[in-house]
Every structure is written in C-alpha cells, then in structure tokens.
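Okay, so here's the structure we're looking at.
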Amino acid sequence: MTSKTTTDSQARQALTASRVLAGAMELADRIGIEPFTIRKLAAELDVKPMTIYHHVPSKDAIIDGIVDMVFDEIDLPPVDLEWTTAIRHRCISARDVLARHRWAPPLMESRTSPGPATLRHHDAVLGCFRRGGLSLSLSAHAYAIVDSYVYGFAMQEANLPFHGDEEIGELAEAILESFPVDEVPHLAEFTTQHVLRPGYSFGDSFEFGLDLLLDGIAVAAQRDE
C-alpha cells in the first residue's frame with residue numbers, strides 16, 4: 009500500500025512551477041482573481057495546498073507570474089512599422105488578450121516584482137515611442153494615456169451587463185420600456201437610431217478612440233520638435 013508520505017512526495021515531483029502557473033491562469037480565467045485561493049488552486053491541480061509552496065513561494069508570486077504570462081501573450085510593437093501603426097497593433101493585441109483574461113486589467117501595472125515578459129514589453133513600447141521621435145517626457149505621457157485607455161476599455165467590456173451585440177439591443181429596449189420616452193429623449197434616439205440598427209457593435213468604439221489618441225499624440229510630437 010502506498011503511504012501518504014510517498015504520495016505527497018510523488019505529487020511534489022510531478023508538479024513544476026510552470027504547471028502551477030498554468031493551472032493558476034486557467035483558474036483565474038474561470039473564476040476571477042477575487043475568489044482565487046491557494047486551496048482552490050491545489051484542488052485544481054489535485055495536490056495538497058502545501059505542495060504548491062514547494063514550487064512557488066506565495067500567492068503574490070503566483071499572481072506576479074500569471075500577470076507576466078498575460079504580458080507575454082501581447083504582441084510587441086513591430087519594429088518595421090511606423091510608430092503609430094506599431095503602437096496601434098500592440099494595443100489591439102492587448103485588448104484581445106485582456107478579453108481572454110478578464111481578471112487581468114486592474115493588475116497589469118500593480119506588480120512590485122514584474123517578470124521578464126513584463127519588463128521586455130515595457131521596454132519595447134518605450135522603444136517604439138522613442139524611435140518615433142517622441143521625447144522622454146512625451147513618451148511617458150503617451151504610454152500612460154494609451155494604456156489607461158486600453159485597460160479602461162478592457163475593464164468596461166469585462167463588466168458590461170450583456171454579452172454580444174444582440175443582448176445589448178435587448179437590454180437597451182428593456183431599459184427604455186421602463187421610462188417614458190419623453191423623459192430620456194436623447195437616450196431613446198441613441199437606442200432606436202443607433203444601437204438597434206444592424207451592424208452596431210460596442211467594441212467598434214475601441215479602434216475609433218485609439219486612433220483619436222494616437223492622432224493627438226502625433227500632433228503633440230510635431231509640436232515638441
């Protein structure tokens with residue numbers, strides 16, 4: 009008969025830091041980060057909670073690791089493209105990645121022990137701004153503004169009370185039915201003449217807003233020359 013000590017030892021040997029982080033990412037994607045615990049992760053990996061600590065020292069270290077994994081999924085700005093096009097590509101990739109990891113946006117810039125992918129990513133984005141001729145000061149402003157927009161939009165999408173464009177139409181109609189139209193005429197117009205029209209998508213606003221930001225930063229860069 010296999011002893012408990014032998015079983016625990018085998019579990020520790022089978023587990024690796026990479027497996028812990030992969031399991032943590034899958035769990036966070038499924039339940040979110042607030043209810044995430046080491047005990048739940050251990051159950052996910054079919055090991056004892058203490059076994060995890062043989063590979064990753066703390067919950068904070070696990071969160072550091074999975075945030076770094078998210079950064080690693082985001083495309084870096086292509087070095088062969090003009091800077092606004094390269095940053096646009098990176099931001100669209102970031103939004104796509106954050107849609108897969110809806111827990112991540114509030115944590116992306118919160119880590120005091122960033123991993124290698126995080127540092128490479130920040131370096132590449134700053135390098136793109138600098139190759140475009142932006143001063144250090146304007147690069148700092150541009151990076152802060154662009155990422156505030158990307159993370160904010162991703163958080164808004166993650167918390168919308170609907171999924172898919174059909175549901176937003178149903179929700180808008182239900183809201184209008186609860187108020188006399190003459191009390192909210194602009195909302196009624198917006199809903200009936202825009203939201204309920206074929207082809208409407210809330211997500212279309214992302215690239216529109218991103219282009220406005222990049223155009224504004226480009227103008228500021230010209231003034232800064």
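If you count by our numbering, then the sequence shown holds residues 9 to 233, one letter each, in order.
Heads up, the beta-carbon is just placed ideally off N, CA and C, and yes, glycines get one too.
- With contacts defined by Cβ atoms closer than 7 angstroms, Ile70 and Val64 form a contacting pair.
- Here Leu220 is exposed: its Cβ has fewer than 16 other Cβ atoms, across all protein chains shown, within 10 Å.
- The beta carbon of Phe137 sits closer than 7 angstroms to the beta carbons of Trp91, Ser147, Ala150 and Tyr151 from its chain, once the five residues preceding and following it are set aside; these are given in chain order.
- Between the alpha carbons of Glu81 and Arg103 lies a distance of about 11 angstroms.
- The distance from the Cβ of Val133 to that of Arg98 is about 7 angstroms, consistent with a contact at the 8 angstroms cut-off.
- About 6 angstroms separates the beta carbons of Ala229 and Gly141, which is inside the 8 angstroms limit, making them a contact pair.
- The C-alpha of Thr126 lies about 13 angstroms from the C-alpha of Ala112.
- If you draw a 10 Å sphere on the C-beta of Leu49, you find 16 or more other C-beta atoms in it, and that means buried.
- In chain order, His63 and Val64 place their CB closer than 6 angstroms to the CB of Ala25, counting only its own chain and leaving out the 5 sequence neighbours on each side.
- Rounded to the nearest angstrom, the gap between the Cα atoms of His194 and Glu165 is 23 angstroms.
- The Cβ neighbour count for Val78, taken over all protein chains shown within 10 Å, is at least 16; the residue is labelled buried.
- Taking C-beta separations shorter than 8 angstroms and ignoring five residues to either side along the sequence, the partners of Val189 in its chain run Ala196, following chain order.
- Here Phe44 has Leu35 and Ala36 as same chain residues with Cβ atoms under 7 angstroms from its own Cβ, once five neighbours each way along the sequence are excluded.
- When the Cα atoms are used, Gly123 and Tyr208 turn out to be separated by approximately 39 angstroms.
- A straight-line Cα-Cα distance of about 58 angstroms links Ala22 and Thr200.
- Straight through space, the alpha carbons of Ile100 and Asp212 are spaced by roughly 12 angstroms.
- Counting along the chain, Lys67 sits inside the alpha helix (DSSP H) bounded by residues Lys67 to Glu81.
- With respect to the C-alpha of His109, the residue from Arg128, Asn167, His202 and Leu144 having the closest C-alpha is Asn167.
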